[in-house]
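So the structure is just underneath, and the comments pick up after that.
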Amino acid sequence: MFQDQLAEKVRPFIDLVDDMRSIGIDKELPLPTIAVVGDQSSGKSSVLESLSEVALPRGTGIVTRCPLLLQLCNDKAVKWKAVISYGEKFRHEFDKPSEVVRLVEQAQNVLAGKGVGICEDLITLKITSSTVCDLSLIDLPGIARVAVKGQPDDIGAQIKNLITKFIKNKTTIILVVVPCNVDIATTEALKMAQEMDPEGTRTLAILTKPDLIDQGAEKNVLEIVHNRVIFLNMGYVIVKCRGQKQIDENMSITRAIEEELEFFRNHKHFRSLLREEKATTKCLATKLSNALVKQIKKYLPQMSEKIKERLGEVKHLLSKLEGGPPLEPAEKRKYLIQVITDFNEQITQLSKGDIIVEENLFVLMRKEFTVWMKCLENAKSNYHKVVHQVVDEYDQKHRGSELPGFSNYRVFQHVVQKLVAELKRPSMTTLQTIRDMVQKQFDHLSKENFKNYPYLQMVSKKNIETIQEQQSNIVKARIVEQFEMEMQVYTQDEIFNKIFQEEGEIAEGKDHDTRSKYPGLLKSYYEIVVQRLADQVPMMICYFILKESAKIVCSEMLDLLHRDDADNILQEDSEIGEYRAKLQAQADRLLLANDKISSL
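Right, here's the structure in full:
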């Protein structure tokens, strides 16, 4: 019936948006659409029936409980066929118009549950026939003012929130259905449209039930239709659909459309609206089709730009994720070798200072070794003080039968041993601090390299921890050995004499106490101890905790290559796999949408 309404050149634009919605692009950006809004019992269902030429669910209260995307496609070669789809997988083709009501109600029960609840999930009903118009629109639940039995108290708010979600988008044409026999200014549907579209640039109103207006009120209706009461840029259309009496009498929709035309032709006040193309469902279909195509053309460049922009973002996110292990066993083994090799190379580079992880490890270690050096320097003052006290008090506390000036060497040896032993604790603190630094950076490389593979991350982290503990114990033992060796109080004579002479030159002319040279001698010896410990402790820590640990970690990871369970080793984190699949599906959608726009 309406096959002449839309020229063939505009059908591709409607198909474009329908196709993009079918592949899920509406999840990425709002698509141009027509959203049908009306108060309960406004005649909304009757209008949609006239447009689609099929009966839709009817009844009291909330009948439309889920958004219904009605896709109408004119095809002269097809008598009538339809497809209903919802959820992720359900899709059903059928060829009997009488099945529509049952299938839509069934879909609503699945999505919103049996009863009177509502749901935001979309039901798509595509109808192809030789008589329907080319049009797509979304029917939304009727606005309820008061909850009825079985409905939640906030059902009105739920419905308004659902409607707002659709009509707030600036790409959406708001189709408001208002009965002629009510005060248009009081209808909730028009109020909501005005809130979302205050300038009325994307709102079109349909006036229904013109046969029910009181006699004498026709001029008021004409004022509304002529846009003189509440101005809407897209204007008004008045229609007359099947009433309840005609439905009860099983009047066909085709016959109802014929009667509609007769009604306006013979109406004393409304016949002029036919010439002005402001009356009948046929006029409405034409106006809607043209408006939708105009809206699509208007937003097409913006849609194209947003799709390309979003595609770039998704590709960037995908590039940060590995593609995942291959499926072929041989290729999977090669992949495992590469993954472990990459990790080992980074551990080795870190141990050499060739890469920086978060912070420069060698800079951090140097700072700690400087702290260790300061600890040694700070200990000097106490050392010197104690040595002088021993010298001053020797005659009173330590002198035996020897003559003055012949001091007991072992007394001063004991002083050296006691004070040097006190440096063991800060050396162990330095060890623990460096170990924590190295282990943290090793763990970071493990997490980054194996972030998609929980098993590899677990094994590497456990290896790192075990090896660090083992190496730490080795260093502790070596430090203990070092301090035990320091208890020998030994250095080469030439080294000692050189240091003593240097210290003596510095102190010359300042120390006139010639009773004993022991303070100067012990001070010189302590300088030798400091030089030994200042380098030896950091070298042991760096060698065992960093260099050797890195080699052992690499060796332990390579042992995994001797195992035959590459599938288990490369088992991905389920969340990573799901996230990659989600991003890939998103990229596929955007690529397909981009191709469709480009080919238009």
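The sequence shown begins at 1 in full-length UniProt numbering and counts up one residue at a time. Each residue gets a CB set at the ideal place from its N, CA and C atoms; glycine is no exception. All figures in this text were calculated on a predicted structure; none of them were measured in a lab.
> How do the stretch 107–117 and the stretch 64–72 stand: do at least 3 beta-carbon pairs fall below 8 Å, yes or no?
Replying inline: yes
>> Quick check on the DSSP output: what are the complete alpha helix (DSSP H) runs of length 4 or more inside the stretch 11–81, in order along the chain?
In response: 11–22 and 44–52
> Would the beta-carbon of residue 310 fall within 7 Å of that of residue 590?
Replying inline: yes
>> The alpha helix (DSSP H) that contains residue 454, what's its start and end?
In response: 454–486
> Can you name the residues that DSSP bridges to residue 491?
Replying inline: Answer by DSSP bridge pairing: none, since residue 491 is not bridged.
> Going straight from the alpha carbon of residue 440 to that of residue 360, what length do you get?
Replying inline: 12 Å
>> If you follow the alpha helix (DSSP H) that residue 139 is in, where does it begin and where does it stop?
In response: Looking at the DSSP string, residue 139 is not in any alpha helix (DSSP H); the run it does join, the beta strand (DSSP E), is 135–139.
> Counting along the chain, where does the beta strand (DSSP E) carrying residue 205 start and finish?
Replying inline: 203–208
> Assuming residue 424 and residue 483 make a contact with CB atoms under 8 Å, what is their CB distance in whole Å?
Replying inline: 5 Å
> Among residues of its own chain, excluding the 5 on either side of residue 548, which ones have a beta-carbon nearer than 7 Å to its beta-carbon?
Replying inline: 471
> Who are the near neighbours of residue 457 in its chain, counting only those whose CB is closer than 8 Å to its CB and skipping five residues on each side?
Replying inline: 446, 447, 450 and 451
> Does DSSP classify residue 231 as helix, strand or coil?
Replying inline: coil
> Does DSSP put residue 330 in a helix, a strand or coil?
Replying inline: helix
>> Assess contact between the stretch 71–91 and the stretch 125–141, defined as three or more Cβ pairs (one per stretch) separated by less than 8 Å. Is contact present?
In response: yes
> Between residue 134 and residue 11, is the Cβ-Cβ spacing less than 7 Å?
Replying inline: yes
> From residue 233 to residue 226, what does the alpha carbon distance come to, in whole angstroms?
Replying inline: 11 Å
> Hey, how far is the Cα of residue 35 from the Cα of residue 90?
Replying inline: 23 Å
> In three-state terms, what does DSSP make of residue 270?
Replying inline: coil
> Three-state secondary structure (DSSP) at residue 625?
Replying inline: Residue coverage of the chain in this structure runs from 1 to 600, which leaves residue 625 outside it and unanswerable.
> residue 93 lies in the beta strand (DSSP E); which residues open and close that run?
Replying inline: 90–94
> If you compare alpha carbons, which of 594, 38, 495 and 132 is closest to residue 79?
Replying inline: 132
>> Just verifying my parser: in three-state terms, what is the DSSP assignment at residue 252?
In response: coil
>> Taking only three categories from DSSP, how would you classify residue 280?
In response: coil
> So which of 436, 348 and 427 has the shortest CA-CA distance to residue 535?
Replying inline: 427
>> Does residue 45 pass the burial test, meaning 16 or more other C-beta atoms within 10 Å, or should it be called exposed?
In response: buried
> residue 126 bridges to which residues according to DSSP?
Replying inline: 71 and 83
>> Spatial neighbours of residue 1 within its chain, please: C-beta separation below 6 Å, excluding the five flanking residues on both sides.
In response: Annotation note: pLDDT 41 at residue 1 (below 50); position unreliable, coordinate value reported separately. These residues qualify, in order along the chain: 131.
> Between residue 480 and residue 416, is the Cβ-Cβ spacing less than 7 Å?
Replying inline: no
> Buried or exposed: residue 462, going by 16 or more other Cβ atoms within 10 Å of its Cβ?
Replying inline: exposed
> Residue range of the alpha helix (DSSP H) that residue 238 falls in?
Replying inline: Element bounds for residue 238: not the alpha helix (DSSP H) but the beta strand (DSSP E), 236–238.
> DSSP three-state call for residue 171: helix, strand or coil?
Replying inline: coil
>> Along the chain, where does the alpha helix (DSSP H) containing residue 584 start, and where does it finish?
In response: 574–599
>> Assess contact between the stretch 164–173 and the stretch 198–205, defined as three or more Cβ pairs (one per stretch) separated by less than 8 Å. Is contact present?
In response: yes
> Between which two residues does the alpha helix (DSSP H) carrying residue 424 extend?
Replying inline: 424–449
> Do you know offhand how far residue 466's Cα is from residue 523's?
Replying inline: 42 Å
> Who are the near neighbours of residue 4 in its chain, counting only those whose CB is closer than 8 Å to its CB and skipping five residues on each side?
Replying inline: Bear in mind that a pLDDT of 46 at residue 4, under 50, signals an unreliable position, so the model cannot answer this.
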